[in-house]
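Asks: Okay, here's the structure, questions in a sec.
Numbering (the working numbering), first residue to last: 37 to 110.
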């Protein structure tokens, strides 16, 4: 498992209650959010800057394992 620090901008929502759900959905595109915070607001652009720590599962490269098996069978 690897952790990554990311920053993203989220458009304000019509309902302030929807903002956390929209933020979490956006962060899911980059990994599993561990924590996040709104660190800045741009009232003119109607955006919130969000900083987050997300985790990604490491995916083993199965191609190299298959190649090793094929070489061993020769």
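C-beta atoms are modelled at their ideal positions from N, C-alpha and C, and glycine is treated no differently.
Just so we're clear, the structure is a prediction, and the values are computed from it rather than from any experiment.
1. Pull up the distance between the alpha-carbon of residue 92 and that of residue 46, whole angstroms please.
2. Under the rule that 16 or more other beta-carbon atoms within 10 Å means buried, what is residue 74, buried or exposed?
3. Check each candidate in 84, 90, 94 and 40 and name the one with the smallest Cα separation from residue 58.
4. Along the chain, where does the alpha helix (DSSP H) that runs through residue 61 open and close?
5. Could you give the first and the last residue of the continuous beta strand (DSSP E) run that contains residue 52?
Replies: To lay it out plainly:
1. 21 angstroms
2. exposed
3. 84
4. 55 to 64
5. Element bounds for residue 52: n/a, residue is neither H nor E.
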